[in-house]
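The opening residue of the sequence shown carries number 0 in numbering that gives the first Met the number 0; numbering runs sequentially from there.
By construction, the Cβ of each residue, glycine as well, lies at the ideal position given by its N, Cα and C atoms.
Small disclaimer: the values here were computed from a predicted structure and weren't measured.
Notes to accompany the following structure.
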Amino acid sequence: MSENPSVPESGLPVNPAPYVPPPPVGPRREILTLSFADPFRWLARGAKDLRCAKGIAVFYGVCFWAMALLLWAVFSNAPEYTMSIMSGCLLVGPFLAMGLYDVSRRCEQGQAPDLVYSLTCWDTRIGSMGMLVLVLVVLELLWGRASLVVFAVFFNTGMPSTVGVLQAVFNPENLEFVLVYLVVGGVFAGLVFATSVVSIPMILDRDTDAISASITSIQVFLNNLPVLLLWGALISALVFVALLPWGAGLLLVGPWLGLATWHAYRGSVRWLD
Numbered sequence: 000m001s002e003n004p005s006v007p008e009s010g011l012p013v014n015p016a017p018y019v020p021p022p023p024v025g026p027r028r029e030i031l032t033l034s035f036a037d038p039f040r041w042l043a044r045g046a047k048d049l050r051c052a053k054g055i056a057v058f059y060g061v062c063f064w065a066m067a068l069l070l071w072a073v074f075s076n077a078p079e080y081t082m083s084i085m086s087g088c089l090l091v092g093p094f095l096a097m098g099l100y101d102v103s104r105r106c107e108q109g110q111a112p113d114l115v116y117s118l119t120c121w122d123t124r125i126g127s128m129g130m131l132v133l134v135l136v137v138l139e140l141l142w143g144r145a146s147l148v149v150f151a152v153f154f155n156t157g158m159p160s161t162v163g164v165l166q167a168v169f170n171p172e173n174l175e176f177v178l179v180y181l182v183v184g185g186v187f188a189g190l191v192f193a194t195s196v197v198s199i200p201m202i203l204d205r206d207t208d209a210i211s212a213s214i215t216s217i218q219v220f221l222n223n224l225p226v227l228l229l230w231g232a233l234i235s236a237l238v239f240v241a242l243l244p245w246g247a248g249l250l251l252v253g254p255w256l257g258l259a260t261w262h263a264y265r266g267s268v269r270w271l272d
C-alpha cells in the first residue's frame with residue numbers, strides 16, 4: 000500500500016490539478032476605432048508641433064527637399080536608375096521620420112525637442128529598424144520590377160526615355176497602360192503604406208520588434224480601412240502639392256506630415272500596461 004492515498008503505487012496522481020495558463024507578460028495593445036475626423040485632427044496636432052520646433056522642422060524639410068531634387072535629377076538624366084535611388088531614399092527616409100516622431104513625442108510629454116537626439120534616437124533600435132527597412136526595400140524593389148514588366152508588355156521597343164515616359168502617361172491612346180500601371184503601383188503603394196503607417200513610431204515608442212510592429216500596422220490599416228484610405232489620400236495630395244514648383248513645398252509639408260504621423264499612431268493604438 001502507498002503511504003499517500005491520493006497517489007497510487009504507479010506514482011501518478013488520481014486527480015491531477017487542471018492546467019492554468021500563465022497570465023500574459025508585458026503590455027498589451029488595443030487597436031482603436033477611428034472616425035473620418037481623426038486624420039484632420041492628426042494634421043492639426045502636427046501643425047502645433049511644427050510651431051513648437053520650427054528650427055528642427057526646417058532641418059528635416061531641407062533633407063526631404065534634397066531627396067526630392069535628387070530623384071528628379073536622376074529621373075531627368077537616367078530614368079533607369081530612378082528606382083534604385085528611390086530605394087536609397089527609402090533607406091534614409093524612415094530614420095529621418097523617426098527623428099520627427101521623437102520631436103512630437105517630446106512635445107507631447109512637455110519636453111523641449113532636441114535636434115541632436117532626434118538624429119540618434121534610432122541607435123538603440125537599430126535591429127528592429129533595420130529589419131523593417133529591409134522589408135520596405137524588398138517591397139520597393141518588387142514594385143520597381145513589376146513596373147518594368149508593365150513597360151515591357153506595353154512598349155516592346157524598349158524602355159522609353161524620360162520624355163517618352165511622360166508622353167506615354169499623358170497620351171489618351173495609352174489609357175490601358177496607364178490603368179494597369181496605376182493598379183500595379185497602387186497595390187504596392189498600399190502594401191508599403193499598410194506596413195509602415197504606424198510601425199516606425201511604434202518601434203520608437205515601445206521598442207517593439209519589426210514583425211510585431213508591421214503586423215500591428217497592417218491590422219490598424221485593415222480595421223480602419225476607409226479612414227486610413229482617407230489618410231493616405233491626404234498624404235498623397237499634400238505631397239503632390241508640395242512638389243510644385245521644384246518640390247519646395249516639402250520644406251513645410253515633409254516635416255508636417257512626419258509630425259502628424261506620430262499622432263496617427265497615438266490615435267490608432269492604445270497600450271494597456
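Taking one C-beta from the region 126-133 and one from the region 221-235 each time, how about it: are there three or more such pairs within less than 8 Å?
no
Please determine, among Val197, Gly143, Ser34, the residue with the shortest C-alpha to C-alpha distance to Leu181.
Here residue 181 refers to the residue found at position 182 of the sequence shown. That would be Gly143, whose Cα lies nearest to the Cα of Leu181.
Rounded C-alpha distance that separates Ala241 from Pro254:
Residue 241 sits at position 242 when you count from the first residue of the sequence shown. Residue 254 sits at position 255 when you count from the first residue of the sequence shown. Going by the C-alpha atoms only, they are around 12 Å apart.
Is Glu172 buried or exposed, if buried means 16 or more other CB atoms sit within 10 Å of its CB?
Residue mapping note: residue 172 aligns to position 173 of the sequence shown, counting from 1. So Glu172 counts as exposed.
So, helix, strand or coil for Leu243, using DSSP?
Counting from 1 along the sequence shown, the entry for residue 243 is found at position 244. Three-state result, Leu243: coil.
Below 8 Å, how does it come out for the region 208-221 and the region 244-262: are there three or more Cβ pairs, yes or no?
no
Look at the Cβ atom of Trp71, then the Cβ atom of Gly266, and state whether they are nearer than 8 Å.
Along the sequence shown, read from residue 1 onward, the residue named residue 71 stands at position 72. Along the sequence shown, read from residue 1 onward, the residue named residue 266 stands at position 267. No. Outside cutoff.
Candidates Ile30, Glu175, Phe220, Val136: closest to Phe153 by CA position:
Here residue 153 refers to the residue found at position 154 of the sequence shown. Nearest option by C-alpha distance: Glu175.
Cα-Cα separation between Ala56 and Tyr18, rounded to whole angstroms
By 1-based counting over the sequence shown, the position of residue 56 is 57. By 1-based counting over the sequence shown, the position of residue 18 is 19. One C-alpha to the other measures close to 55 Å.
At which residues does the alpha helix (DSSP H) containing Glu139 begin and terminate?
By one-based count along the sequence shown, residue 139 stands at place 140. Glu139 -> alpha helix (DSSP H) spans 125-153.
Just mark Leu277 as buried or exposed, buried being the case when its beta carbon has 16 or more other beta carbons within 10 Å.
Lying outside 0 to 272, the shown extent of the chain, residue 277 is not represented and no answer is given.
On the three-state DSSP scale, how would you describe Val196?
Counted from its first residue, the sequence shown places residue 196 at position 197. Residue state, collapsed to three classes: coil.
With 16 as the cutoff for other CB atoms within 10 Å, does Trp276 come out buried or exposed?
The chain is shown only over 0 to 272; residue 276 falls outside these bounds and no answer can be derived.
Is Val183 closer than 8 Å to Ser146 when the C-beta atoms are compared?
In the sequence shown, residue 146 corresponds to position 147, counting from 1. In the sequence shown, residue 183 corresponds to position 184, counting from 1. Yes, these two residues count as a Cβ contact at 8 Å.
Status (buried if at least 16 other CB within 10 Å, exposed otherwise) for Ser103
Position 104 of the sequence shown, counting from 1, holds the residue named residue 103. Burial call: buried.
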